[in-house]
Amino acid sequence: MFWASYFLAALAVILAWPVPVLLSRAKWPARSPFTAMVLWQSIALAGGLSMIGAMLTWGLEPIGDNLAQGLSGLWNILLQRQSVEALGLVHVFAISAAVLLTVHLVFTLLLTYYRIVSGRRRHRDMLNLLSSPSLNTPATLVIPHPSPVAYCLPGGAHSVTVLSDGLMDILSEKELSGVLTHERAHLSQHHHLLLWAFAAWRAALPWLPTSQLAQRSVNELIEMLADDEALKKVDRPTLIRAVAIVGSASGAGADSAAALPGSSVPAVAGGGREDETGMAARLSRLLTPQPPLQRWASILIQAAAVLLLAVPTVLLFAPGLIHA
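Under UniProt numbering, the first residue of the sequence shown carries the number 1, and numbering increases by one thereafter.
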């Protein structure tokens with residue numbers, strides 16, 4: 001377990017800095033956003049597991065040859081009031097840090113969920129006052145707003161797509177169909193859950209630059225996934241025009257901003273806030289489409305993502321795999 005803690009620490013450092021930076025700068029994710037999304041999730045989970053695991057395994061090393069033995073020894077110390085001298089002050093500090101980091105991550109995840117749900121509830125209440133149901137499209141609300149606005153509001157069976165009357169006046173029937181398909185893809189593919197997880201990661205570790213990189217990349221990827229779904233419904237020029245019109249609403253992409261009069265509810269929709277760089281990348285991808293990754297490359301990357309998550313799991317939980 002002594003060596004396992006060092007391997008986990010090294011993996012945590014690699015996943016905290018060079019790997020996310022390289023992935024955020026790579027060009028291939030735009031060719032296979034689903035594969036890139038799987039890899040980002042693996043990096044986040046494996047990085048958190050490695051950080052906590054490195055401190056925990058190193059802290060428990062004096063009282064066990066593997067994690068199970070170490071936790072059993074810690075249980076005896078805590079509940080049977082055995083002496084902590086076998087651990088030592090430094091190892092007690094490492095165990096405490098692992099526990100505190102775990103509690104911090106879980107608490108931030110729950111707090112972020114509460115804030116998002118509360119924001120959606122307030123937003124829905126305002127929609128009930130200011131919007132009216134679409135006469136032609138089910139599960140769609142129309143708000144009186146001159147800017148071209150489109151976004152979705154998750155809520156299980158009560159999920160809705162919100163359009164402004166200004167947008168409906170501008171778009172053609174085909175363009176509107178592309179926008180609706182895009183927004184419904186956010187809901188059907190549960191993109192709001194991904195945004196919740198990565199928003200919590202950034203909130204929990206704001207000092208980690210790569211948490212911001214990850215959130216921005218995931219925001220872009222979910223927009224690309226929704227665009228790909230829309231392309232099954234409308235042709236590419238039609239979608240490009242629709243995206244450009246919706247993106248012009250705020251200059252930073254109104255696709256997912258909750259642009260109700262007198263309200264500001266960030267990141268409550270199915271897609272995340274999209275900055276000018278993200279909108280430019282999205283339009284560039286639509287204007288100059290690249291061939292998708294070959295199947296073998298996509299499978300290889302997804303297999304690497306699974307392996308990346310398996311390594312810290314095995315180091316933590318496989319009894320007696322690595323001895324001091």
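Just so it is clear, CB atoms sit at the ideal spot from N, CA and C, and this is done for glycine as well.
For residue i, the first and last residue of its enclosing alpha helix (DSSP H)
i	result
residue 94	89–130
residue 35	33–60
residue 26	Neither: residue 26 is in no alpha helix (DSSP H) and is coded neither H nor E.
residue 318	Counting along the chain, residue 318 falls outside any alpha helix (DSSP H), and DSSP gives it neither H nor E.
residue 194	191–204
residue 77	67–79
residue 222	209–230
residue 278	276–287
residue 178	173–188
residue 247	236–247
Whole-angstrom distance between residue j and residue i, CA atom to CA atom
i	j	result
residue 317	residue 113	29 angstroms
residue 164	residue 141	8 angstroms
residue 55	residue 94	5 angstroms
residue 245	residue 172	11 angstroms
residue 235	residue 21	34 angstroms
residue 57	residue 296	36 angstroms
residue 310	residue 47	12 angstroms
residue 223	residue 230	10 angstroms
residue 301	residue 135	45 angstroms
residue 7	residue 315	8 angstroms
residue 133	residue 123	16 angstroms
residue 30	residue 288	11 angstroms
residue 175	residue 286	15 angstroms
residue 239	residue 118	33 angstroms
residue 87	residue 77	10 angstroms
residue 186	residue 193	10 angstroms
residue 260	residue 189	For residue 260, the pLDDT reaches just 40, beneath the cut-off of 50, and the residue's location in the model is therefore unreliable, although a value from the coordinates is still provided. If you take the alpha carbons of residue 260 and residue 189, they lie about 25 angstroms apart.
Beta carbon of residue i nearer than 8 angstroms to that of residue j
i	j	result
residue 225	residue 16	no
residue 178	residue 242	yes
residue 98	residue 59	yes
residue 292	residue 32	yes
residue 148	residue 170	yes
residue 91	residue 62	yes
residue 120	residue 67	no
residue 221	residue 37	yes
residue 227	residue 184	no
residue 50	residue 4	no
Beta-ladder partner(s) of residue i, from DSSP
i	result
residue 143	164
residue 153	160
residue 133	141
Worksheet item: With contact counted as at least three CB pairs below 8 angstroms, one residue from each stretch, are the region 40–47 and the region 291–309 in contact?
Response: yes
Item to complete: Examine the Cβ distances between the region 197–206 and the region 158–166 and report whether three or more of them are shorter than 8 angstroms.
Response: no
Worksheet item: Counting pairs of Cβ atoms below 8 angstroms between the region 7–22 and the region 60–79, do you hit three or more?
Response: no
Worksheet item: Is the number of C-beta pairs between the region 118–138 and the region 212–220 that are closer than 8 angstroms three or more?
Response: no
Worksheet entry | the region 103–112 / the region 191–201 touching (three or more Cβ pairs under 8 angstroms) | yes
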